[in-house]
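S.K.: Below: one structure in structure tokens.
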Amino acid sequence: MMSDKDTPPLTGKDIARKPRGFPDKRESLIHAQAGLVETITGVYRQWGFEALETSAFEYADALGKFLPDDDRPNAGVFAIQDDDEQWMSLRYDLTAPLARFVAEAGQSLGKPFRRYAAGPVWRNEKPGPGRFREFWQCDADTIGAPGYHADAEMIAMGAEALRAVGMAPGEFVIRVNTRRLLNGVLDGVGATSADTRLAILRALDKLDRLGAEGVADLLGAGRMDESGDYTKGAGLGASEVTRVLAFAQAGADTRAETLANLVKATGDTEEGKAGLVELEAIAKALEALGAPEGDVVIDPSVVRGLEYYTGPVYEAELLREVTGEDGKTYRIGSIGGGGRYDDLVARFTGETVPATGFSIGISRLAAAMQIMGETEKLDGPVVVLNFDKEDPTSALQLATELRRAGIRAEAYMGASGMRPQMKYADRRSSPAVVMVGEDELAKGTVTIKDLEMGALKAKAIKSNEEYREARPGQFEVPRAEMVEAIRKITEAQK
Numbered sequence: 001m002m003s004d005k006d007t008p009p010l011t012g013k014d015i016a017r018k019p020r021g022f023p024d025k026r027e028s029l030i031h032a033q034a035g036l037v038e039t040i041t042g043v044y045r046q047w048g049f050e051a052l053e054t055s056a057f058e059y060a061d062a063l064g065k066f067l068p069d070d071d072r073p074n075a076g077v078f079a080i081q082d083d084d085e086q087w088m089s090l091r092y093d094l095t096a097p098l099a100r101f102v103a104e105a106g107q108s109l110g111k112p113f114r115r116y117a118a119g120p121v122w123r124n125e126k127p128g129p130g131r132f133r134e135f136w137q138c139d140a141d142t143i144g145a146p147g148y149h150a151d152a153e154m155i156a157m158g159a160e161a162l163r164a165v166g167m168a169p170g171e172f173v174i175r176v177n178t179r180r181l182l183n184g185v186l187d188g189v190g191a192t193s194a195d196t197r198l199a200i201l202r203a204l205d206k207l208d209r210l211g212a213e214g215v216a217d218l219l220g221a222g223r224m225d226e227s228g229d230y231t232k233g234a235g236l237g238a239s240e241v242t243r244v245l246a247f248a249q250a251g252a253d254t255r256a257e258t259l260a261n262l263v264k265a266t267g268d269t270e271e272g273k274a275g276l277v278e279l280e281a282i283a284k285a286l287e288a289l290g291a292p293e294g295d296v297v298i299d300p301s302v303v304r305g306l307e308y309y310t311g312p313v314y315e316a317e318l319l320r321e322v323t324g325e326d327g328k329t330y331r332i333g334s335i336g337g338g339g340r341y342d343d344l345v346a347r348f349t350g351e352t353v354p355a356t357g358f359s360i361g362i363s364r365l366a367a368a369m370q371i372m373g374e375t376e377k378l379d380g381p382v383v384v385l386n387f388d389k390e391d392p393t394s395a396l397q398l399a400t401e402l403r404r405a406g407i408r409a410e411a412y413m414g415a416s417g418m419r420p421q422m423k424y425a426d427r428r429s430s431p432a433v434v435m436v437g438e439d440e441l442a443k444g445t446v447t448i449k450d451l452e453m454g455a456l457k458a459k460a461i462k463s464n465e466e467y468r469e470a471r472p473g474q475f476e477v478p479r480a481e482m483v484e485a486i487r488k489i490t491e492a493q494k
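According to the working numbering, the residues represented by the sequence shown are 1 to 494, in order.
Now the structure itself:
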């Protein structure tokens, strides 16, 4: 076994490496993420929610179900010990800080309290494809509203936010279920032990991937997958398996039809009846809120956060399929969700406080839009080429003039010739370049090249001689007309 002394020192490129699960982002993705946050929080504000910003750090013991073990303070979270020996952790989500804020504010905070927040969260988990340790979320929550109309409002508002960022009908769906309905089905099939109930729920969660036959195996004796790995089943009998599957597949074209199916499939248990009352109330409120049937469906197969949520749960899913670089078709899947969590504030106060919330995964949604080609094409700055290595004053002045006119611009910094400067402008996705040599200075003019138009015209040119003669996309204007000419180019390209 190698000791620290035997380990070769890191040199060169080995040192330049980022921690796993912490992505670097360039301008197009940063811009897309900022646009998503602005649009989604704009919807939240329109619905009457107010902004709240909390610190990135919380005391570790305020994180609820994510509280680290005393002996493992970094289990699931990133934690450091303060100088008073208290453990502080980077926030795992945006909800635990809200619960702490509400408890700390006490009676001075009027209820219901409706807040939205956006920002990064951190999770000390194993990273993987599409799974990061740092990512952005955008949440809205209502604290102090016990009625299920508050849950329906969250769902309808979440659907409106997704439409606002450009999702068309049929490209997304928010699926709604309730913990109590699931509990009723589990009670109805005699699943009393925690292990059996968990096995049933895990099986239901695989319905989309494995289909009814695969889930039936997992509800019964068990299932062997294609790799030969065997998963022990929940051990239900044939009639119980049929009953659970009938419940999970009760979804229909309309919310009313699904509810009618669920009345038959849920069974006569108190929890099941209570769950149906919840969903009926939500369906009625969704209709009043104008939530389209295609945007929001009741789906009894939705299983999420059952240790966390106390009532209705909802999950937002992108339905559009995309083709990857490998030629395979992928579905992005879940991009957010939420539910009712009436027990969270009680950790601090000892009193149950009704609460419901919805969270959109900004980083995941931005990445999905980038894959789908939905992110806005960002034009780079207009580049003023610098032909005077000793005195770049003219280039600096022209760039300043463009910026003062509200046009993004820069003077080329460096001592390279014209070809490298043009390559630089191409690499920056510049809409145009401005050139001023001795001839232009003498005449009081500037030469402008529309890079997009030039590239289009160049495709029809067959020889270098013809290209040099035509100079596609290039023209000369008086210095006083430079700003207007550049503005016309940038507006035409948009």
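Ideal Cβ positions, reconstructed from N, Cα and C, are used throughout, including at glycine. All figures in this text were calculated on a predicted structure; none of them were measured in a lab.
Pair every Cβ in the region 437–452 with every Cβ in the region 401–409, then say whether three or more of these pairs are closer than 8 Å.
M.R.: no
S.K.: Residue 258: beta carbon under 6 Å from a heavy atom of the ligand GTP?
M.R.: What this structure holds is no ligand at all, so the ligand GTP is not there to describe.
S.K.: The alpha helix (DSSP H) spanning residue 280 covers which residue range?
M.R.: Residue range 270–288 is occupied by the alpha helix (DSSP H) that includes residue 280.
S.K.: Output the distance between the C-alpha atoms of residue 245 and residue 179, rounded to the nearest integer angstrom.
M.R.: 17 Å
S.K.: Roughly how many angstroms lie between the CA atoms of residue 301 and residue 265, to the nearest whole one?
M.R.: 12 Å
S.K.: Kindly give me the distance between the Cβ atoms of residue 138 and residue 118, rounded to whole angstroms, as I take these residues to be in contact under 8 Å.
M.R.: 4 Å
S.K.: From residue 398 to residue 384, what distance separates their C-alpha atoms?
M.R.: Each residue's alpha carbon lies about 7 Å from the other.
S.K.: For the alpha helix (DSSP H) containing residue 102, list its first residue and its last residue.
M.R.: 95–105
S.K.: Can you check the region 128–176 for any alpha helix (DSSP H) of at least 4 residues that lies completely inside it and give the ranges in chain order?
M.R.: 148–164
S.K.: Select from 47, 381, 154, 294 the residue whose C-alpha is nearest the C-alpha of residue 168.
M.R.: 294
S.K.: Taking only three categories from DSSP, how would you classify residue 302?
M.R.: coil
S.K.: For a quick check, are the C-beta atoms of residue 334 and residue 380 less than 7 Å apart?
M.R.: No. Outside cutoff.
S.K.: Measure the C-alpha to C-alpha separation of residue 403 and residue 424 and round it to an integer number of angstroms.
M.R.: Straight-line Cα distance between these residues: approximately 19 Å.
S.K.: What three-state label does DSSP hand residue 214 in the structure shown?
M.R.: Residue state, collapsed to three classes: helix.
S.K.: Mind reading off the beta-carbon distance from residue 356 to residue 373? Whole number of angstroms is fine, and I expect it under 8 Å.
M.R.: Beta-carbon to beta-carbon, residue 356 and residue 373 are separated by about 35 Å, too far to satisfy the 8 Å threshold.
S.K.: Between residue 503 and the rest of its own chain, which residues show a CB-CB distance below 8 Å, the 5 nearest in sequence each way excluded?
M.R.: Nothing in the structure corresponds to residue 503, since the chain is present only between 1 and 494.
S.K.: Please work out which residues of its chain come closer than 7 Å, Cβ to Cβ, to residue 133, disregarding the five sequence neighbours upstream and downstream, and give them in chain order.
M.R.: 21, 22, 122, 123, 124, 125, 127
S.K.: For residue 68, collect the residues of the same chain with a Cβ closer than 8 Å to its Cβ; drop the 5 residues on either side in sequence, then sort them by chain order.
M.R.: The predicted model places residue 68 with a pLDDT of 48, which falls under 50 and marks its position as unreliable; any figure quoted below should be read in that light. The residues are 60, 74, 75, 76, 77, 79, 87, 89.
S.K.: Flag this pair as yes or no: are the beta carbons of residue 175 and residue 315 separated by less than 7 Å?
M.R.: Against a cut-off of 7 Å, the Cβ pair of residue 315 and residue 175 comes out as a contact.
S.K.: When burial is assigned at 16 or more other CB atoms within 10 Å of the CB, is residue 363 buried or exposed?
M.R.: buried
S.K.: From what residue to what residue does the alpha helix (DSSP H) around residue 422 run?
M.R.: 418–427
S.K.: Figure out for me which residue from 281, 298, 391, 224 has the closest Cα to the Cα of residue 247.
M.R.: Selected option, being the one with the closest Cα: 298.
S.K.: Sort 55, 330, 394, 159 by Cα distance to residue 442 and report the nearest one.
M.R.: 394
S.K.: On the premise that residue 358 lies in contact with residue 99, defined as a C-beta separation below 8 Å, what is that separation, rounded to the nearest angstrom?
M.R.: Not really, about 16 Å apart at Cβ, beyond 8 Å.
S.K.: In the DSSP output, what is residue 116 paired with across the bridge?
M.R.: 51, 140
S.K.: Taking its Cβ as the centre, do 16 or more other Cβ atoms sit within 10 Å of residue 258, making it buried, or is it exposed?
M.R.: buried
S.K.: In angstroms with no decimal places, state the Cα-to-Cα distance between residue 16 and residue 24.
M.R.: The C-alpha of residue 24 is placed about 13 Å away from the C-alpha of residue 16.
S.K.: Just how far apart, CA to CA, sit residue 318 and residue 396?
M.R.: 47 Å
S.K.: On the DSSP bridge assignment, give the partners of residue 124 in chain order.
M.R.: 76
S.K.: Which of the three DSSP states, helix, strand or coil, is assigned to residue 226?
M.R.: coil
S.K.: State the Cα-Cα distance for the pair residue 41 and residue 165, rounded to the nearest angstrom.
M.R.: 11 Å
S.K.: Hey, how far is the Cα of residue 389 from the Cα of residue 19?
M.R.: 41 Å
S.K.: For residue 113, count neighbouring Cβ atoms within 10 angstroms of its own Cβ and tell me buried if that reaches 16, exposed if not.
M.R.: Taking all protein chains shown into account, residue 113 has 16 or more neighbouring C-beta atoms within 10 Å of its C-beta and is therefore buried.
S.K.: I need the straight-line Cα distance from residue 480 to residue 444, nearest angstrom please.
M.R.: 9 Å
S.K.: Exposed or buried, which one is residue 478 when buried takes at least 16 other CB atoms within 10 Å?
M.R.: exposed
S.K.: DSSP on residue 17, reduced to helix/strand/coil?
M.R.: coil
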